Structures are given as structure tokens and as C-alpha cells.
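Protein chains in written order, with this note's numbering: chain A, 2 to 417; chain B, 2 to 417.
Don't be surprised by glycine CBs; every beta carbon is placed ideally from N, CA and C.
Treat the numbers as computed from the prediction; the structure is a model and nothing was measured.
Take a look at the structure set out below.
There are 2 protein chains.
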Amino acid sequence: MNDELIQKAKNVRKAWEFLRSQSAATKNEALLLIAKKLDENRHRIIEANQKDVEIAREKGVRESLIDRLVLTDKRIDGMIKACETVAKLDDPVGEVIRSWVREDGLRISQIRVPIGPIGIIYESRPNVTVETSILALKSGNTVLLRGGSDAINSNKAIVKAMKDALENSKLPSSSVEFVENTDRKLVEEMLKLNQYLSLIVPRGGYGLIKFVVENSNIPVLETGVGNCHIYVDESANLEKSIDVIINAKVQRPGTCNAVEKVLIHRNIAAKFLPVLYEKLQENKVEVRGCKKSVEIVKDIKIATEEDWETEYLDLILAIKIVDSTDEAIEHINRYSTGHSEAILTENYSNAIKFVESIDSAAVYVNASTRFTDGGQFGFGGEIGISTQRLHARGPVGLKELTTYKYVVLGEYHVRG
Amino acid sequence: MNDELIQKAKNVRKAWEFLRSQSAATKNEALLLIAKKLDENRHRIIEANQKDVEIAREKGVRESLIDRLVLTDKRIDGMIKACETVAKLDDPVGEVIRSWVREDGLRISQIRVPIGPIGIIYESRPNVTVETSILALKSGNTVLLRGGSDAINSNKAIVKAMKDALENSKLPSSSVEFVENTDRKLVEEMLKLNQYLSLIVPRGGYGLIKFVVENSNIPVLETGVGNCHIYVDESANLEKSIDVIINAKVQRPGTCNAVEKVLIHRNIAAKFLPVLYEKLQENKVEVRGCKKSVEIVKDIKIATEEDWETEYLDLILAIKIVDSTDEAIEHINRYSTGHSEAILTENYSNAIKFVESIDSAAVYVNASTRFTDGGQFGFGGEIGISTQRLHARGPVGLKELTTYKYVVLGEYHVRG
Numbered sequence: 002m003n004d005e006l007i008q009k010a011k012n013v014r015k016a017w018e019f020l021r022s023q024s025a026a027t028k029n030e031a032l033l034l035i036a037k038k039l040d041e042n043r044h045r046i047i048e049a050n051q052k053d054v055e056i057a058r059e060k061g062v063r064e065s066l067i068d069r070l071v072l073t074d075k076r077i078d079g080m081i082k083a084c085e086t087v088a089k090l091d092d093p094v095g096e097v098i099r100s101w102v103r104e105d106g107l108r109i110s111q112i113r114v115p116i117g118p119i120g121i122i123y124e125s126r127p128n129v130t131v132e133t134s135i136l137a138l139k140s141g142n143t144v145l146l147r148g149g150s151d152a153i154n155s156n157k158a159i160v161k162a163m164k165d166a167l168e169n170s171k172l173p174s175s176s177v178e179f180v181e182n183t184d185r186k187l188v189e190e191m192l193k194l195n196q197y198l199s200l201i202v203p204r205g206g207y208g209l210i211k212f213v214v215e216n217s218n219i220p221v222l223e224t225g226v227g228n229c230h231i232y233v234d235e236s237a238n239l240e241k242s243i244d245v246i247i248n249a250k251v252q253r254p255g256t257c258n259a260v261e262k263v264l265i266h267r268n269i270a271a272k273f274l275p276v277l278y279e280k281l282q283e284n285k286v287e288v289r290g291c292k293k294s295v296e297i298v299k300d301i302k303i304a305t306e307e308d309w310e311t312e313y314l315d316l317i318l319a320i321k322i323v324d325s326t327d328e329a330i331e332h333i334n335r336y337s338t339g340h341s342e343a344i345l346t347e348n349y350s351n352a353i354k355f356v357e358s359i360d361s362a363a364v365y366v367n368a369s370t371r372f373t374d375g376g377q378f379g380f381g382g383e384i385g386i387s388t389q390r391l392h393a394r395g396p397v398g399l400k401e402l403t404t405y406k407y408v409v410l411g412e413y414h415v416r417g
Numbered sequence: 002m003n004d005e006l007i008q009k010a011k012n013v014r015k016a017w018e019f020l021r022s023q024s025a026a027t028k029n030e031a032l033l034l035i036a037k038k039l040d041e042n043r044h045r046i047i048e049a050n051q052k053d054v055e056i057a058r059e060k061g062v063r064e065s066l067i068d069r070l071v072l073t074d075k076r077i078d079g080m081i082k083a084c085e086t087v088a089k090l091d092d093p094v095g096e097v098i099r100s101w102v103r104e105d106g107l108r109i110s111q112i113r114v115p116i117g118p119i120g121i122i123y124e125s126r127p128n129v130t131v132e133t134s135i136l137a138l139k140s141g142n143t144v145l146l147r148g149g150s151d152a153i154n155s156n157k158a159i160v161k162a163m164k165d166a167l168e169n170s171k172l173p174s175s176s177v178e179f180v181e182n183t184d185r186k187l188v189e190e191m192l193k194l195n196q197y198l199s200l201i202v203p204r205g206g207y208g209l210i211k212f213v214v215e216n217s218n219i220p221v222l223e224t225g226v227g228n229c230h231i232y233v234d235e236s237a238n239l240e241k242s243i244d245v246i247i248n249a250k251v252q253r254p255g256t257c258n259a260v261e262k263v264l265i266h267r268n269i270a271a272k273f274l275p276v277l278y279e280k281l282q283e284n285k286v287e288v289r290g291c292k293k294s295v296e297i298v299k300d301i302k303i304a305t306e307e308d309w310e311t312e313y314l315d316l317i318l319a320i321k322i323v324d325s326t327d328e329a330i331e332h333i334n335r336y337s338t339g340h341s342e343a344i345l346t347e348n349y350s351n352a353i354k355f356v357e358s359i360d361s362a363a364v365y366v367n368a369s370t371r372f373t374d375g376g377q378f379g380f381g382g383e384i385g386i387s388t389q390r391l392h393a394r395g396p397v398g399l400k401e402l403t404t405y406k407y408v409v410l411g412e413y414h415v416r417g
């Protein structure tokens, strides 16, 4: 086992024993100090980031991924704002979820408590470093961060600023630790540290998440793979549907809630698809499609089986023409990653059927899939979008970073 | 991969696609039919169980474990009662957990849904077969059961009765499947079936749970290992404390919420320990203890490091004399399995400190640890007692066998 890794895992465990019972005021003060230090160090952080971006460009990394890596003044402002927003959110720790008194007078309360030290394994987005740390701290948890080598310089600069802030706060500076060694082997070692870490959150592509799920002894919160679908029913308002699809695909194509597949009812396909295709072309979206789509718009590239399974994270969209809402549901439940799916329709029964039958974290009627996001849901941020069924689904905010314990108060009660 | 295992995993997945949207009335009818069939087949079940008990006795299995295996008319009555109780409980599926409207009119609701097909891997208690299945069915889930070879005849007889009942109900009979092959290799294979199973619940000893956690690709709900502690503070009512300890140790020593360790404040040890020791002797409890305990009562056997870590599940208790509440807390947080711990005290500050500092699923003030139980908590049963931090802690009832999804209703909303 790597010494740096073990030592930092022990550090976050020890820091958690202290942090878990700290007041909201103490935690908020630390968050505002982090905001201040990020502001003071913004030039150093952007400089470090430029190094990372140059290296990525040299390696020929594609632009939608570069977009995830780049830090601008505006994105640093976003991080600072995030600290201030999270400081203002209610502290979930200590909430009495339910409480009751048995007939014999025994009082049982279910009380929200922090979840424990969290291991975050992520790829190229350096703002994940701040976003995850501040949510963890506010909910009484500590973090062991393991960022991708692409963003190593950016991350080191950000973590330095955060730890400087913690030094000046009442929280231990080891509440946030960052593994600097970028050897891939360390990810596997980190996944065995269930003695120190209570939860692992992988943030990245399918490959990373699969590796983490298959190798972790620590409970995993699967996040972020979004092969999201929009189904355009025959009764949909077609003009507004175009706007929703363009928003879901184009606004930020590198994110997990961007739409990747559009299913169209056959009765409107001949009318709708050419208009949609033109609008997608205007927005530089590469369009692939089923055989029937290609029959309507010849310039559409034929889609392969692999397309239906793929999260592009890019300006690519695949289109399939279906015979019915049932066929759309069947296709989605087969290929979806359980993230976000939408139906566009004016038909009440089809809307209800879609909502009942689609088993994803977020199911939409007449809205863009881009809303599946902690900020948009009003959680003030998120540590990721859970696509698993256990513990939390969808945006993982402060509440989702807690667990509970039962506190039982008696008068020397015995079980009869 | 074993054919029986794969086929039955596929069966429960398919059955779940149907079951998950069935009404409470349909599910309750099935539960009452199960109760009826258990009653009709009680002699056959007890006969099958007697075979298992004979084999266990021949193998020299110890009596506290035989107690877990034995089915009597009274225990069959308990199973039937459990079906009736669970049928009466509120269906958690469909509950709106929270719901809000954004400023732009987008409506977001968090709605409770079934968790999915559940794999149960358990050891010798045949009543687990019924308890887990009925809770799963009521919460809209299906089960793939893998019971211990010790109870194979009992389990086959019970499952036959349950499947007969399901045949007469509106639910698929494959909502409950039992793996008959007792080859140990199948447990490992079952843990890789994340394509079909959403959750694994191991019910058994430390060895089984550790194996499941280390080998599962499916999210695991760790249950049941209870190295439970009671700390007797110097201010405790000593007479009532004796009653609580005897109840926690003796009432049913083979269960996970039975107390295994008693810590005593040094200022009352000389007075309290001899009385407690005598009472434990009367109840045939073997007593082990730290050096200081042995100085007070010579007949106490000296405890080893292993004792502090062990869940005896037997009429054995280890005693340690401590200098303070802090030392008791430190000892518990070091050796506890995170199940149930109690303080007996009249001192308000010590009670608060204990409740704040002990990080177990259930923390008691002046009550027996034996209350950590789905029935006692009013959940109408439990699929196990969770000792992990994710998803659910303590008794896992109907609510804990669900997850949620977000349903978002818009008017062609796009993200700005």
C-alpha cells in the first residue's frame, strides 16, 4: 500500500471524528474562509490550470473534454459563489427525521448524522475538487480526493487554497486531503480502505465507474453516466419540442444530463424530423439515426447498436422512430443508464404511463433533461448525480451525504 | 455460472417488472394467501425441519444455534402472524416524500418506489425465509433466496407453501425464488448478478458478511453482527441495572441485539460486580473479565483481546472496569460493530455525551439493547438490522426496502 494514501486516509478519518459534531456556525465560517482563499489565489489557480490545458491540447484531448478542464475567472467566481451558497444552506445534521413513544414509554428518535469520511475519485473537472469538498464539510464529513492526472496542477493549487483556509478555521486542515500521486494503481488501493472511508463516489466516465463498482470493498455511490432520452409523442407541441431538444443537447453537451437519444413517434416523424435535423445542423450537432430516420432525411448517418448504448458527451445525437409510447418505454428501459428521461406530449395517459414505467432517477414530462442538477433542484450544489438505487438517486446534496442513528431513551426498560 | 441460479435470477427480475407497480390490495391478498398456505402445510414444514435439526445435532452444532434452526408450532404461528401484520402495514410505494414548485413553474416531486429484486443470503434460521419474502413483496420487490444448507429441508417446505400461495394470487409465483443447490461456490456467483439483482442482504455471522462485502458487485446491506455493549455509569440505579443487563444477555442470547460486553465504572465496581456476577451465574452465563474484574471476583475467567472483538451469540459475557464515561466511549467506538450500545446512568451530561459520541445504529439510555428490532420499533418486521451507514441503519423494514425517483412536470421548460 502507498504510504501517502494510507496516511491521508487516516488523516481524514481522524479529522472526521472531530468534524462530525461541529456546529453549523463553525462549518460555515470555514466555507467562507475557503471562498476568500480561492479569491486571493485565483491567479495562481488559473496559471496552474493553463499548464494542465496546454498538456491536454498537446495530447489531442477533444474540445468537449477540454471544456470540462478549463478554469476561467468566471468559473472561479462560480466556485466562490458555491462556497457562499452552501454556507447559507440549512445544516442537515441533527434533524429529527421521526420520533415516537412506545406504549411502555420508551422514546425512539431517528436523528440525522454525518455519513463519514468520503473518498472522491474523479477525472478532469477541477471544480469537482471544491464542489465536493464544501458539500462534504457542511454535512459534517471529510474527504479524501483523488483527481485525474489531467487536472493535477489545477487541483494542487485549489487544494492548497482550501487547506490554507482550513488552517485559519476551527476545523482540522486534514478535513480535506488530496492524493498527489497519480499512479493508477492507487485507485485500486483506495477502494480497499473500508477501515477509514465510509463511502466512495466515483465521478467520471463509464470505465471508471465500472472499475470502482467491481473493485470496491467500500459502499459506492454510482454517479453520472447519463445516456438520457427524450421521447416526442405524436401529440407533442412540435415547435416547443424543438426548443427543448436543442436545449437538452446543446446548452452544455459535456454534462451527464445532456440528451443523447431522441425517440420520435412515427406519425409525426415525416413532419418533425426534417425541422429538427435542420435546427441540429445549425447547432453543429452530428446526427445519427435508425433506418427509418435515414429514409426521411438522407444526410443522417445510420446508427449502430453501439450508438444506442453510448453516452456521447459531445455534439452528437442519435434518433429513432418508434411505433408507440410502449416501444419508446421498452427502448429506454433497455438502453438507459437510469439517469434522466423525458416525454414531450399533450396526451395525459401517455404522460402517466411514461412516468410510471420509466425507472430512472429523474423522469420528465415536457421539460429538458438538463434540470437534473443539484443547483437546479435547489440543493445548492451536488456531489454527483446518483444513478444507483441505494441510499440516494439523482442529485446528491447535503441531505444525501448524511445517514441517521436511532436514539432510544428509557427508564431501565427491558424487553418482555 | 450455475444454470439454476441464472434462471431464477432472471425470473425474479422479470417478476419485479410486473410486481413493482401492483396495488397494495393485490400484494396484501398474496400475503394472506401465504399465511393460509403456511398454516395448511405446518405439519409438513415441521417434519422437514425435524430432519434438519437431527442432522445438526449429529454434527454437534451448539444449542444456541440449534435454537435458531428449530421450528415449533409456535414459531409457525409467528410466521403466519407476521404475514397478517405485514398485510396490515401501510404500503410505502407511491408516497410523495417531498414536492416543490420552482419559480419558473417546474414541479419537482420525490416519490417512493420499490428498490428492485433483492438477493438474500442467509444461514440457519428458516423463519428468515418468510420474514424477508413478505417484507420484500409488500414493498413491491421480489426475492432470490439462498439459505444455509443446515435448513435446506425446512426452507424447501416453506418456499413450496409460499409459491403455492402465489400461484393462487395475482402476483407471479416467481416473485419468490429459492436456490436449492447448496454448493458454496454459488454464493460467489450470485454476488456478480448485478444485471438482475439491485441489492444483496447477507444475514448471518461475521464470516459470511465479510465474504459478501468483499466479493459483491451488487450494493450490499450489511446486517446483523452485534458486538453490543452496556456501560454502567457510577450514577446508575444498580438494582434496575442488573435487570437490564440480565434481560439484554439472557432473554435470547443467540440474537444480534443481545449484549456481549458490560463496562462498569470503577467507583461502583466493588459493590456492583459481585451482585451482577451472582445473578449471571444463576442464569448460567459464563463470565469473562479484565484484570480488575478478576481482582474483585476471583472466579471470573480472564478475558483476552479476542474477547473484546467477539460476538458470542451465546450465554457468555465479558466485563471491563473503566475509569470514566470517556474511557467507556473510547472502548466501545474501538470494538463495537455499530449495532446497539447502551448507557445506564442518572447523570444527564454523561447520557448526552454517550448519545453524541457513540456512532452506532441504535444508542440507548437506560434500556436493554434487545429493543433494536423491527417488531419492537413498530416496523412490523425487518429484513435485518443494518450495521452499515449507507441507505439504512438499524431495523430494515418496508420503507427501507424502497428508493425514490424524481418526477418533474413542466410546460416545455428549458434550462436558461
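Query	Result
Which residues DSSP lists as bridging B:R113, in chain order	B:Y405
Cross-chain neighbours of B:E412 in chain A, by beta carbon under 7 Å	N367
Proximal residues, the region 386-416 of chain A versus chain B, C-beta separation under 8 Å	Q389, R390, L391, H392, R394, G395, T404, Y405, K406, Y407, V408, V409, L410, G411, E412, Y413, H414, V415, R416
Below-9 Å beta-carbon distance, B:N284 vs any chain A residue	no
Short Cβ contact (9 Å threshold) for A:K164 with A:Q23	no
Range covered by the alpha helix (DSSP H) that runs through B:Y207	207-216
Chain-ordered chain B contacts of A:G117 [CB-CB under 9 Å]	D360, R390
Beta-carbon neighbours of A:D327, restricted to chain B and to distances below 9 Å	Within chain B, no residue comes near A:D327; the closest Cβ sits about 13 Å away, beyond 9 Å.
Cross-chain neighbours of A:G379 in chain B, by beta carbon under 9 Å	W101, R103, I109
Contact set between the region 223-246 of chain A and chain B, restricted to residues whose Cβ is under 8 Å from the partner	N238, K241, S242, D244, V245
Nearest residue (CA-CA) to B:S387, options B:G375, B:G148, B:G379	B:G375
Beta strand (DSSP E) segments (min. 3 residues) lying fully within the region 56-132 of chain B	97-102, 108-115, 119-123
Bridge partners - B:K262, DSSP secondary structure assignment	B:H230, B:A319
B:P173 versus B:Q196, B:N142, B:K241, residue with shortest Cα-Cα distance	B:N142
Residue-chain proximity (B:P220, chain A), Cβ-Cβ < 9 Å	yes
Any beta strand (DSSP E) of 3 or more consecutive residues that is wholly inside the region 231-313 of chain B	260-266, 287-290
Nearest-angstrom Cα separation, counted from B:I359 out to B:A343	9 Å
Cβ-Cβ distance between A:N156 and A:T133 below 9 Å	no
Straight-line gap, A:T256 to A:E104 (C-alpha atoms, nearest Å)	52 Å
Local conformation of B:T388 per DSSP, three classes	coil
Interface residues of chain A facing B:V356 [CB-CB closer than 8 Å]	V408
Helix, strand or coil at B:R43 [DSSP, three-state]	helix
Neighbourhood of A:R43 by C-beta, 8 Å cutoff - its chain only, sequence neighbours within 5 removed	D74, I77
Nearest to A:V94 (by Cα), restricted to the options A:V298, A:Q51, A:K139	A:K139
Cβ-based contacts, 7 Å cut-off: residues of the region 74-96 of chain B near chain A	none
Cβ pair B:V214, A:V408 closer than 9 Å	no
Buried/exposed call for B:Q377, threshold 16 Cβ in 10 Å	buried
Separation of A:G148 from A:I135, as counted between CA atoms	16 Å
Nonlocal neighbours in the same chain, by C-beta distance under 6 Å from A:G290, ignoring five residues either side	I301, A304, I320
Cross-chain neighbours of A:A152 in chain B, by beta carbon under 9 Å	Per Cβ cutoff of 9 Å: no residues; A:A152 is ~25 Å from chain B at best.
Enclosing alpha helix (DSSP H) for A:S361 [first to last residue]	Neither: A:S361 is in no alpha helix (DSSP H) and is coded neither H nor E.
Start-end ranges of the alpha helix (DSSP H) lying completely within the region 316-357 of chain A, minimum 4 residues	326-336
CB contact flag (B:I265, B:I322, <9 Å)	yes
Three CB pairs or more closer than 8 Å across the region 107-122 of chain B and the region 62-69 of chain B	no
Stretch pair the region 333-343 of chain A + the region 226-237 of chain A: three plus CB contacts closer than 8 Å	yes
Three or more C-beta pairs below 8 Å linking the region 188-195 of chain A and the region 203-223 of chain A	yes
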